[in-house]
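**Student:** In the working numbering, the protein residues as written are -1 to 181.
Okay, here's the structure, questions in a sec.
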Amino acid sequence: MRPRQLIDPLAERLLVLRTVSGTQWLLRGLGAGATFLALVAALGGFGLLAHVGAALLTATVAAGLLVQCRNPDSDVGLLAPSAILLSLLGQDELSFLRAAGVGIALLSAHCAFALSATLPVHGVLAASAWRLTLRALLPVLVLSLLGGLLVLVLSPLVLGPWMLVLGTVALIILSLILLPRSR
């Protein structure tokens, strides 16, 4: 038996593992679309290339999305959401609905890219796995909605610096509730 006859079938099987499944492309496309939607919502009435700052933001988000679509598990994937959130900090007025829209779009993008990063590249999700994923995502969406409503209710109140302590304690409690426990 020649080495070529042994190596070629193994190489073919390894190459098949590198093919990207339709589920992966769907998740990556959903993540990229949601990030683009967050970018459009963050820029508000401005166009994507309306001025130099918007063009730089659009280029930064596009570069981050290209890297994240290529490798969803990359840390460079934080570039696009970070740039969008930093652009919100530089704006004078931000309505609650616009901030909520950007937040929901970024949460959707994060969920899609996170699920894409945990699946094998050639993996396909069955219908039961989609249902399980959506069931696990429901508490996150409910807590996000409750947190947004809490911010909306408390925003007209002028609270002192002591609220940082309560906010930190609330964040620790929320982390303890949501983070998985080691067994």
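For each residue, glycine too, the CB sits at the ideal point set by N, CA and C.
(1) For the alpha helix (DSSP H) containing Gln22, list its first residue and its last residue.
(2) Please confirm if the segment 84 to 102 is in contact with the segment 35 to 42, defined as three or more CB-CB distances below 8 Å between the two stretches.
(3) Expressed to the nearest angstrom, what Euclidean distance is found between the alpha-carbon atoms of Leu189 and Pro118?
(4) Who are the Cβ neighbours of Ala48 in its own chain at under 7 Å, not counting the five residues just before and after it?
(5) Using the three-state DSSP reduction, which class does Ala97 fall into: helix, strand or coil?
(6) Measure the CB-CB distance between Thr17 and Val122 and report whether it falls below 8 Å.
(7) List the endpoints of the continuous alpha helix (DSSP H) containing Pro79.
(8) Under the assumption that Ala78 contacts Val59 (Cβ atoms under 8 Å), give the Cβ distance between them as a whole number of angstroms.
(9) Closer than 7 Å by C-beta to Cys109: which residues in its own chain qualify, once you throw out the five before and the five after it? Chain order, please.
(10) Could you check what DSSP says for Leu176 in three-state terms: helix, strand or coil?
(11) Could you tell me how far apart the beta carbons of Leu55 and Ala81 are, in whole angstroms, since I believe they sit closer than 8 Å?
(12) Please list, in chain order, all residues of the same chain as Ile171 whose beta carbon is under 7 Å from its beta carbon, the five residues on each side excluded.
(13) Ends of the alpha helix (DSSP H) at Gly146?
(14) Between Ala53 and Leu41, is the Cβ-Cβ spacing less than 8 Å?
(15) Can you say whether Pro159 is buried or exposed, counting buried as having 16 or more other CB atoms within 10 angstroms of its CB?
(16) For Gly62, is the classification buried or exposed, using 16 other Cβ atoms within 10 angstroms of its Cβ as the cut-off for buried?
(17) Hey, would you say Leu25 sits closer than 8 Å to Leu113, going by beta carbons?
**Tutor:** Inspection of the coordinates gives the following:
(1) Gly20 to Leu41
(2) yes
(3) The structure shown does not extend to residue 189, since the chain is modelled only from -1 through 181, so no value can be given for it.
(4) none
(5) helix
(6) no
(7) Leu77 to Leu87
(8) 4 Å
(9) Leu135
(10) helix
(11) 6 Å
(12) none
(13) Ala125 to Leu152
(14) no
(15) exposed
(16) buried
(17) yes
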